[in-house]
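J.: This structure is in structure tokens; I'll ask about it shortly.
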Amino acid sequence: MGKKTKLMMLGPPGAGKGTQAQRLASRMGIPQISTGDMLRAAKKSGSEMGKKAAEYMDKGHLVPDQVVIGIVEESLKSPDVADGFILDGFPRTVEQAEALDSLGIKLDAVLNIQVDEDVLVKRLGGRRACLTCGATYHVEHNPSKEEDICDKCGSETIQRDDDKPEAIRTRMGAYRGKTAPLIEFYRERGRLYDFDGAQSPDEVTAAIMSVIEE
Ligand code: AP5
Numbered sequence: 000m001g002k003k004t005k006l007m008m009l010g011p012p013g014a015g016k017g018t019q020a021q022r023l024a025s026r027m028g029i030p031q032i033s034t035g036d037m038l039r040a041a042k043k044s045g046s047e048m049g050k051k052a053a054e055y056m057d058k059g060h061l062v063p064d065q066v067v068i069g070i071v072e073e074s075l076k077s078p079d080v081a082d083g084f085i086l087d088g089f090p091r092t093v094e095q096a097e098a099l100d101s102l103g104i105k106l107d108a109v110l111n112i113q114v115d116e117d118v119l120v121k122r123l124g125g126r127r128a129c130l131t132c133g134a135t136y137h138v139e140h141n142p143s144k145e146e147d148i149c150d151k152c153g154s155e156t157i158q159r160d161d162d163k164p165e166a167i168r169t170r171m172g173a174y175r176g177k178t179a180p181l182i183e184f185y186r187e188r189g190r191l192y193d194f195d196g197a198q199s200p201d202e203v204t205a206a207i208m209s210v211i212e213e
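Here numbering that gives the first Met the number 0 is used: the first residue of the sequence shown is 0, the next is one more, and so on.
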């Protein structure tokens, strides 16, 4: 099989999906399609859809399937995805995975990043995010050069509303109940590759690249 270019990131909140998706996108020259980033941009724009989505996101609940499926469907029609794409945060329910199937999209690889929950809670509490370009940092493991300023675009970095303790617990529950079943869904289809997300970001990227290029 040639290089895998239709990719999906899977894993619990804070596993490093966004971090790895950004790295892969810049190495491979294909777009990252992050539903979380798109929903946060809609919230920031003040659109009706953004306001509605924020009611779910800020508390750590999943946004209804139909809203998210509609957004991703639009992105996958763009000419930018002709050479491949990295889905980051979608599908997140079996219903969303079936919707992707019904669009006729066959993924080359589902990159499943797993990390223990206590590590995840610490990571999310220390995360800072740029709402302008989507870059993520961590106050200890991966700080921006200048405090609270994005290295990539110079905008302010902030703590996300859903990175507060109560919302983190709700997100973990949503992951266990609705997203974790996708592990078996894609394993049965022979598309799933497992990665130990407790390693350093560079080690995780190297492990992923060896699977993509095999
Ligand atoms: P989304 O933005 O997708 O959030 P998430 O899945 O909870 O994932 P995170 O962004 O929190 O974590 P990540 O795995 O990307 O980790 P990151 O690389 O940032 O979704 C947010 C919300 O939007 C959802 O809760 C939901 O409401 C809604 N939504 C989105 N998609 C949806 C969908 N399909 N259906 C319904 N609702 C949807 O890393 C985390 C931190 O750890 C960072 O600080 C990073 O610097 C650090 N880090 C990363 N890797 C390492 C490492 N190897 N070692 C040490 N630190 C690391």
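Glycine is no exception: its CB is placed at the ideal position from the N, C-alpha and C atoms.
(1) Do F89 and P71 have their beta-carbon atoms positioned less than 7 Å apart in this structure?
(2) For Q19, which option in T169, G133, A173, C149 has the closest C-alpha, if you only look at C-alpha atoms?
(3) Just to confirm, is the Cβ distance from G125 to E139 under 7 Å?
(4) Taking C-beta to C-beta, are L86 and M7 nearer than 7 Å?
(5) Based on Cα-Cα distance, which residue from L99, D107, V62 lies nearest to D82?
(6) According to DSSP, simplified to helix, strand and coil, what is Q113?
(7) Excluding sequence positions up to five away, which residues of its chain have a Cβ less than 7 Å from the Cβ of R170?
(8) I'd like the list of long-range same chain contacts for G15, defined as Cβ closer than 7 Å, with 5 residues on each side in sequence excluded.
(9) Closer than 6 Å: is that where the CB of N141 sits relative to any heavy atom of ligand 1?
(10) Expressed to the nearest angstrom, what Euclidean distance is found between the alpha-carbon atoms of Y55 and G28?
(11) Give the straight-line distance between the Cα atoms of R22 and A205, rounded to the nearest whole angstrom.
T.: The structure says:
(1) Residue identity differs from the one stated: residue 71 is Val in this sequence, not Pro. Yes, the pair counts as a contact, with Cβ atoms nearer than the cut-off.
(2) G133
(3) yes
(4) yes
(5) D107
(6) strand
(7) P12, G59, D161
(8) I112, G196, P200, V203
(9) yes
(10) 32 Å
(11) 11 Å
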